[in-house]
Each structure stands twice: as C-alpha cells, then as structure tokens.
Amino acid sequence: MRSKLVLHAVDSHTEGMPTRVITGGIGTIPGATMNERRLYFREHRDDVKRLLMNEPRGHAAMSGAILQPPTRSDCDWGVVYIEVSGYLPMCGHGTIGVATVLVETGMIEVVEPVTTIRLDTPAGVVVAEVAVEDGAARAVTLRNVPSFAVGLDRRVTLPDGRTVTYDLAYGGNFYAILPLERLGLPFDRSRKDDILAAGLSLMAAIDAEDGGPVHPEDPTIRGCHHVQVTAPDSTARHSRHAMVIHPGWFDRSPCGTGTSARMAQLHARGELPTHTEFVNESFIGTRFTGRLLGTTEVGGLPAVLPSFTGRAWITGTAQYLLDPEDPFPAGFVL
Ligand code: PYC
3 MRSKLVLHAV DSHTEGMPTR VITGGIGTIP GATMNERRLY FREHRDDVKR LLMNEPRGHA
63 AMSGAILQPP TRSDCDWGVV YIEVSGYLPM CGHGTIGVAT VLVETGMIEV VEPVTTIRLD
123 TPAGVVVAEV AVEDGAARAV TLRNVPSFAV GLDRRVTLPD GRTVTYDLAY GGNFYAILPL
183 ERLGLPFDRS RKDDILAAGL SLMAAIDAED GGPVHPEDPT IRGCHHVQVT APDSTARHSR
243 HAMVIHPGWF DRSPCGTGTS ARMAQLHARG ELPTHTEFVN ESFIGTRFTG RLLGTTEVGG
303 LPAVLPSFTG RAWITGTAQY LLDPEDPFPA GFVL
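Heads up: the sequence shown is residues 3 to 336, going by our numbering.
Below, the structure written as structure tokens:
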C-alpha cells in the first residue's frame with residue numbers, strides 16, 4: 003500500500019447530514035485566526051479538500067470539518083469547515099458532529115452530565131454543551147454566533163422575468179428565506195429537481211445584484227449560497243423547509259446556521275420572542291430545536307443570540323490515502 007498522504011477521519015452524521023471530521027494528517031494550517039486558516043486552506047490546499055469531499059471518497063452532498071489547535075486561548079479546539087461547495091465560515095450540523103466526535107473519542111475531557119466545549123470557528127466563538135450519558139453524546143446544544151436580518155421583503159428579478167419577494171438573514175452564512183409557493187412549486191420531494199433549480203436561480207440573482215450580501219464586520223464573509231424555502235404549513239414555532247445549497251444540493255439536516263438565520267428573521271418580523279422554543283424541520287423530516295437567548299448588535303444592525311439542539315452519530319473511522327498513481331488526486335465532480 004503506497005500513499006502520498008494519510009488523513010485520519012471520524013465520520014458522523016447529524017440528523018442525516020454527514021460530517022467527516024478530520025482528526026489528523028493536516029497539521030496546523032498557517033494563520034493567526036481561524037478565518038485566516040480557512041482562507042489559507044482555500045488558497046493553498048484546496049486539492050486536499052477536494053480529495054476528501056469529492057467522489058470517489060465523498061459525494062455531491064459531502065461535508066466535513068478539519069480539527070485544528072485553537073488560535074485563541076479561550077477555546078478548546080479550532081475548526082475549519084469544508085464542503086463540496088467550499089469553506090463555510092460556520093456550519094451548525096458540522097459543529098454538532100465535531101462536538102460528538104470530540105466527546106466519544108476522548109479528544110476532550112468528558113464531564114457528565116454536560117461537557118462544555120469552546121470552539122474557535124472562522125465566524126467566531128461557538129460554545130457546545132454536550133449532554134453525555136455513559137460516555138455517549140445524547141444531544142448537543144450550540145450557542146451560535148450573533149445572527150441578524152439583513153432585510154425583509156426584498157425583491158429580486160429571476161432570469162425568467164419573474165420578481166420574487168424574500169427575506170435575507172445571517173446565521174453564520176447568509177440565507178434567502180421565503181415560502182416555496184412564491185416560486186410556484188409544491189413542497190414535495192418528488193419535485194426536488196425543480197426546487198433545486200429554482201433555489202439556485204434565486205441565489206444567483208441575489209448575488210448578481212451588487213455582488214451579494216457582505217458581513218458588516220468581516221468582508222471575507224460574503225455571498226448568498228443558501229436558500230431556505232419553507233413549506234405552506236410553517237409557523238413561527240415550527241417550520242419545515244428545503245435548504246438549497248450552492249452549487250446544487252440539499253442539506254439533509256435542519257441546518258444550524260439556517261435555523262439561526264430563520265430565528266433572526268422571525269424575530270425581526272416580531273413573530274419569535276426571545277426564550278421561546280422554535281422547531282426547524284429538514285427536507286427529510288429531522289429536527290433541531292432552537293431558541294433565542296438574547297439580543298445584541300452586529301455592525302450597527304440589531305441582532306440575536308441563537309442556540310439550537312440536535313444530535314449526531316458516529317458512522318465510521320477511516321484513513322484516507324492517495325496512491326501516487328491515482329488518476330484523480332483531487333477527486334472529481336460528475
Ligand atoms: O448546519 O449550518 C449548517 C449547515 C450549513 C450547510 C450545511 N449545513
């Protein structure tokens with residue numbers, strides 16, 4: 003067996019969505035902050051990301067997280083998120099996967115009934131409270147980065163000439179949020195290809211206008227790559243959605259940063275007070291339970307402090323190799 007590299011991984015899924023947690027083989031990525039490490043990896047080591055996420059080792063909806071030593075003294079671990087689509091500033095389902103792996107592999111000192119882990123992410127500090135029973139991570143509650151509505155009832159024109167009204171919110175990534183019926187489609191998995199195409203066309207139209215949204219405090223966080231289309235029976239206490247993600251896949255989990263953005267949007271609309279339970283349900287019917295812990299401000303905009311709870315399960319461990327003669331050293335996308 004020959005290999006140019008050996009990447010150690012613990013694979014998991016969070017409410018149906020995979021997180022390949024890379025526990026070794028990368029080393030410390032250069033950068034004084036976790037966001038600098040994210041940008042360095044994107045610039046200099048994207049082939050490793052593609053090898054881990056693309057076929058034949060991954061697939062079109064693959065997602066992962068590279069563990070790093072933290073860049074801040076108040077955190078236990080650092081994380082760089084990787085996906086088929088790129089490098090997210092923050093990923094909720096991925097962080098639930100990371101916290102579960104850290105606890106169940108003993109990579110963090112485990113305290114029962116609750117182990118608290120402070121994570122240095124490119125979007126800021128995220129705190130995970132892991133409910134642990136007999137060594138098993140039973141639930142993970144994340145205190146996510148401050149989230150905010152960028153605009154309500156914005157209008158955008160699609161390439162087919164239709165004008166669509168949507169809300170735009172940030173929860174660690176930017177999300178366009180709107181009822182699916184505004185795109186003229188039923189909330190039906192048998193129409194997933196049409197829903198995907200409509201969501202992608204909407205996000206392209208949003209990003210074509212002035213280059214898309216930019217985080218008011220960090221210009222490296224930009225662009226709308228996620229569209230949350232809600233089912234007709236959704237309310238401000240229990241919402242069902244399909245999450246369309248660039249360049250063309252659905253989140254299988256309820257999407258942690260999307261849940262945070264949705265709560266920020268509902269709060270901005272006056273429909274979700276703080277300290278009130280909110281259930282967000284994915285396209286495959288899995289759930290995160292969220293709540294807003296308080297309010298704050300980001301770059302002069304009113305913002306909220308979101309938290310949400312979900313669960314992850316470890317699915318395997320692996321060493322990913324690269325044979326020097328492998329014709330696809332960075333995998334491929336079909
Ligand atoms: O859980 O935040 C999330 C997420 C983002 C993209 C896929 N999942």
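The C-beta atom is built at its ideal place from N, Cα and C for all residues, glycine as well.
Alpha helix (DSSP H) containing residue i: first to last residue?
i	result
L363	This structure does not reach residue 363, given that the chain is present from 3 up to 336, and the question cannot be answered.
H46	M36 to H46
T143	That residue, T143, is in no alpha helix (DSSP H); its beta strand (DSSP E) goes A138 to R145.
I98	G94 to E106
Let's test the definition: count the other Cβ atoms within 10 Å of the Cβ of residue i and tell me whether it reaches 16, buried, or not, exposed.
i	result
S149	buried
S309	buried
L53	buried
V113	exposed
D190	exposed
K51	buried
V116	exposed
S5	exposed
A67	buried
F330	exposed
G201	buried
D162	exposed
H248	buried
F334	exposed
D253	buried
E283	buried
H269	buried
T107	exposed
M55	buried
S262	buried
Identify whether residue i lies in helix, strand or coil by the three-state DSSP scheme.
i	result
I197	helix
M205	helix
R242	strand
E183	helix
H248	coil
R313	coil
T259	helix
R293	strand
S5	coil
L121	strand
S236	coil
S87	coil
S14	strand
R191	helix
A63	coil
V306	strand
D212	coil
L323	strand
L336	coil
D253	coil
V166	strand
V50	helix
Do residue i and residue j have their C-beta atoms within less than 8 angstroms of each other?
i	j	result
F285	M245	yes
M19	S255	yes
D169	Q321	no
H228	N175	yes
S14	V23	yes
T311	G296	no
V82	F43	yes
E38	R313	no
I98	D78	no
V142	A125	no
A11	T25	yes
A233	D49	no
V166	L154	no
G214	I223	no
L274	L294	yes
G258	L144	yes
D336	E57	The residue you asked about is not Asp; residue 336 is Leu in the sequence shown. Cβ atoms of L336 and E57: closer than 8 angstroms.
How would you write the range of the beta strand (DSSP E) that residue i sits in, first residue to last?
i	result
R156	F150 to T159
H227	C226 to T232
N175	Careful: N175 lies outside any beta strand (DSSP E) and carries neither H nor E.
V132	G126 to E135
V281	F280 to E283
P72	It is not in any beta strand (DSSP E) - P72 carries neither H nor E in the DSSP assignment.
V23	M19 to G26
Would you please state the rounded distance, in angstroms, between the beta carbons of residue i and residue j? I believe it to be under 8 angstroms.
i	j	result
L187	I197	6 angstroms
S75	C93	Actually they are not in contact, since the Cβ atoms of S75 and C93 sit about 24 angstroms apart, beyond 8 angstroms.
I101	I84	The sequence given here places Ala at residue 101; Ile does not occur at that position. Not a contact, Cβ separation roughly 17 angstroms.
P337	D122	Nothing can be reported for residue 337, as the shown portion of the chain is limited to 3 through 336.
R140	A151	The Cβ separation is near 33 angstroms, so there is no contact.
Y172	H217	7 angstroms
G301	E219	5 angstroms
W251	A34	That belief does not hold up - the Cβ atoms of W251 and A34 are roughly 33 angstroms apart, past 8 angstroms.
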